[in-house]
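Working notes, beginning with the structure itself.
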Amino acid sequence: MSSQTIKEVDAVVLGAGFAGLYMLHQLRSKGFSTIVYEAGDGVGGVWYWNRYPGARCDIESIYYNYTFSKELYEEWTWTSRFPEQAEILRYLNYVADRFQLRSDIQFNTRVTAAHFDEKQHKWMIHLNDGQYILTRYFITGIGCLSAANVPNIQGLQQFNGKWYHTGHWPHEKVDFTGKRVGIIGTGSSGIQAIPVIAKEAEQLTVFQRTPQYTIPARNHAYEEDFIKETKKNFEAIKCSMRNSVSGTPFAQNQQSAMEEPDDKRQAVFEKAWAQGGFAFSATYHDLLTNEQSNEKAAEFIRSKIRQIVKDPVVAEKLCPKYMYGTKRQVLDSDYFETYNRENVLLVDVKESPIQKIIGEGIQTADNHFDLEIIIFATGYDGMTGPLFKIDIRGRNGVSLKEKWKDGAAVQTYLGLTTAGFPNLFMITGPESPSVLVNMPIAIEQHVEWIADCMHYLREHDIDLVEPTIEAEEAWSTHCRDVANATLYVKGDSWYTGANIEGKPRSFLIYLGGFDYYTKHCNEVAQNNYVGFKLMKLKSIS
């Protein structure tokens, strides 16, 4: 490998979604030479890949966007309460053009490996085309949910029809008209896709392993006056989001659900159900810390399912028995109503497991289903999955997978860095608030903190930064302690890795609140990056 042929930049960023685009914009503004590598042929990140029918964000659109630019906020107008995938993709393309970002993004390129070179004190980045690039800073912006999980079901290669995964959907429309379709999985993507596909398909068979608590989205088009008022209040909305627990400006009721009489609690739940969106999760502060309060919310939702679904046997199969909220909270549009359609069949694969896929469809333990299309709505290898798909190696050639013991011993400092991997930054990495807060707001906070840190290092002639083992252990312990005080850790979900066979169980999301997390990160920076080792090359060479 000739050093003359290797391009060198200050920073390499992975992914051209919300994180990568803003990271590029920030680093450019601070004078760092930067290149972004993106596997797709366009910007958008998960919104580039997730084109399945019904794909829509579950954060309200006026909050699911950047806030770093007042002009950008005023220029862009969302059409409805919960934006669909195509509209979010248009928004991110608009941002890329508005800030002229494309010239520093290399599309159709995967980073296959990133190795820290201890002689040069830089990262050697390996690309899928055989090229190499040398960089001082290596920054991942690949998200927590970008590694699609296709279950290992015997016989998939023998299937005569077509199959798709919701996380890697074709760009062209898939026509379900007159088709016999099977969909495996009833997580968020399945719940969004099922009502849409049911309207087209001749027959839709839903293979459900675990039923879901899902709340109506109540999506609607925005009125012009509402948009005007929102744009006028940009500064207040931005301040409210950035200083909130969840990155959204919704205040949580500080009462316990058990402090209310039954009729009053029922009225509160009914109002939130009618309002739609995540208002339901904010009805009482202890829904995810008190099992009795949790059961009140769970039983309310089960009662709604029984009211909506006409067939009592089907309704009961759709009623979850685990604790509410310990799987990802899902929003829907006519999901339960869809099971009242004559062309929709629900199959409980806990009662009758899928045995294999054959040429004509799916064989379960006690039935055979003829299918022309199979859809895997089986989610992702979350949190660590996207990072483990890349061969990331730090000091002494130790890989991230080895250090974290395949996910069994993940340790980070602030969810941003990890010891033994100098100048590696992870945007919304494990042990940050990430997927349990409003992601664009969390991304902005991470990106700005990273960019400010890099500026500080340059101004103080510091070449390498990495956390101390002590700081990392303390942060990881704090994350576990906070999580263990909640009901989240008692659920089986992709939050804990339970959706991936053989994956070690862990809960890698910081639950202490986005506001507290931001405050703590700021204090670390204000105290000259306490908890980090700041190294100059001349002192270590």
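Quick note on numbering: the sequence shown equals residues 399 to 939 in our numbering. The beta-carbon is built from N, C-alpha and C at its ideal position, and this holds for glycine as well.
Next item on the list: For the beta strand (DSSP E) holding Pro865, just list the boundary residues, first then last.
Entry: 862-865
Item checked: Lys428 (DSSP reduced to helix, strand or coil) -> Note: Lys428 maps to coil in three-state DSSP.
Check: Between the stretch 789-808 and the stretch 919-932, do three or more beta carbon pairs fall short of 8 Å?
Finding: no
Notebook entry, point to check: How should Ser400 be labelled, buried or exposed, when 16 other C-beta atoms within 10 angstroms of its C-beta is the threshold for buried?
Noted result: With a pLDDT of only 44 at Ser400, under the threshold of 50, the placement of this residue in the model should not be trusted; the figure read from the coordinates follows. Counting Cβ neighbours within 10 Å, Ser400 comes out exposed, since fewer than 16 surround it.
Next item on the list: Measure from the alpha carbon of Ile460 to the alpha carbon of each residue in Tyr489, Gly452, Pro751, Leu798, then state which is nearest.
Entry: Tyr489
Next item on the list: On the DSSP bridge assignment, give the partners of Ile772 in chain order.
Entry: Per DSSP, Trp561, Gly580.
Note to self: In whole angstroms, give me the CA-to-CA distance for Glu516 and Ile523.
What the structure shows: 14 Å
Notebook entry, point to check: Do you know offhand how far Asn506's Cα is from Ala615's?
Noted result: 35 Å
Check: What beta strand (DSSP E) runs, 3 residues minimum, are completely inside the stretch 777-858?
Finding: 789-791, 822-824
Check: For Trp521, does the three-state DSSP call read helix, strand or coil?
Finding: strand
Checklist line | chain D within 8 Å of Leu785, Cβ atoms only | finding: Absent here is chain D; the protein component of the structure consists of one chain.
Margin query: Along the chain, where does the alpha helix (DSSP H) containing Gln753 start, and where does it finish?
Written below: First-last for Gln753: 752-756, but that is the beta strand (DSSP E), not the alpha helix (DSSP H).
Checklist line | Met933: first and last residue of the uninterrupted beta strand (DSSP E) it sits in | finding: The continuous beta strand (DSSP E) containing Met933 extends over residues 930-933.
Notebook entry, point to check: Would you say Ile790 and Met639 are within 8 Å of each other, going by their C-beta atoms?
Noted result: The Cβ-Cβ distance between Ile790 and Met639 does not fall below 8 Å.
Notebook entry, point to check: Taking C-alpha atoms, which residue in Arg793, Gln606, Glu621, Phe930 lies nearest to Val712?
Noted result: Gln606
Notebook entry, point to check: Which word fits Val928, buried or exposed, when buried means at least 16 other C-beta atoms lie within 10 angstroms of its C-beta?
Noted result: exposed
Notebook entry, point to check: How would you call Glu363, buried or exposed, if buried means at least 16 neighbouring beta carbons within 10 angstroms?
Noted result: With the chain running from 399 to 939 in the structure shown, residue 363 is simply not present.
Next item on the list: State the CB to CB distance for the pair Leu822 and Met933, rounded to an integer number of angstroms; the pair is presumed to be in contact (CB under 8 Å).
Entry: Incorrect: roughly 14 Å between the Cβ atoms, too far for contact.
Notebook entry, point to check: Are the beta-carbon atoms belonging to Lys715 and Pro609 less than 8 Å from one another?
Noted result: It is a contact, given that the beta carbons lie within the stated cut-off.
Margin query: Give me the residue from Ala775, Ile867, Gln843 with the minimum Cα distance to Val808.
Written below: Ranking Ala775, Ile867, Gln843 by Cα distance to Val808 puts Ile867 first.
Margin query: Assess contact between the stretch 431-446 and the stretch 849-865, defined as three or more Cβ pairs (one per stretch) separated by less than 8 Å. Is contact present?
Written below: no
Checklist line | Beta carbon of Met656 nearer than 8 Å to that of Ser691 | finding: yes
Next item on the list: Answer with buried or exposed for Cys877, where buried requires no fewer than 16 other C-beta atoms within 10 angstroms of its C-beta.
Entry: buried
Check: Where DSSP assigns a beta bridge to Tyr530, which residues make up the other side?
Finding: His524
Notebook entry, point to check: Under the DSSP definition of a beta bridge, which residues are partnered with Gln504?
Noted result: Gln504 pairs with Tyr435.
Check: Exposed or buried, what is Lys694 when buried is set at 16 or more other beta-carbons lying within 10 Å of its beta-carbon?
Finding: buried
Next item on the list: Starting from the C-beta of Ala677, find all residues in its chain whose C-beta is less than 6 Å away, skip the five residues before and the five after it, and write them out in chain order.
Entry: Correct list, in chain order: Ala670.
Check: If we count Cβ pairs, one from each stretch, closer than 8 Å, do we get three or more for the stretch 811-821 versus the stretch 438-446?
Finding: no
Margin query: Residues in the same chain with beta-carbon distance under 8 Å from Asp502, minus the five sequence neighbours each way, listed in chain order, please.
Written below: Leu422, Arg426, Thr432, Ile433, Val434
Next item on the list: Give the C-beta separation of Gly443 and Ala414 to the nearest angstrom, bearing in mind that I take them to be a contact with Cβ-Cβ under 8 Å.
Entry: 7 Å
Note to self: Mapping the DSSP letters down to three states, classify His513 as helix, strand or coil.
What the structure shows: In the three-state scheme derived from DSSP, where H, G and I count as helix and E and B as strand, His513 is classed as strand.
Note to self: Rounded to the nearest angstrom, what separates Tyr908 and Ala881 at their Cα positions?
What the structure shows: Rounded to the nearest angstrom, the gap between the Cα atoms of Tyr908 and Ala881 is 7 Å.
Notebook entry, point to check: Under the rule that 16 or more other beta-carbon atoms within 10 Å means buried, what is Ser701, buried or exposed?
Noted result: exposed
Item checked: Short Cβ contact (8 Å threshold) for Phe480 with Cys455 -> yes
Notebook entry, point to check: Just reading off the beta strand (DSSP E) that Ile613 is part of, what are its end residues?
Noted result: 612-614
Notebook entry, point to check: When the distance is taken between beta carbons, is Pro828 closer than 8 Å to Tyr915?
Noted result: No, they are not a contact pair.
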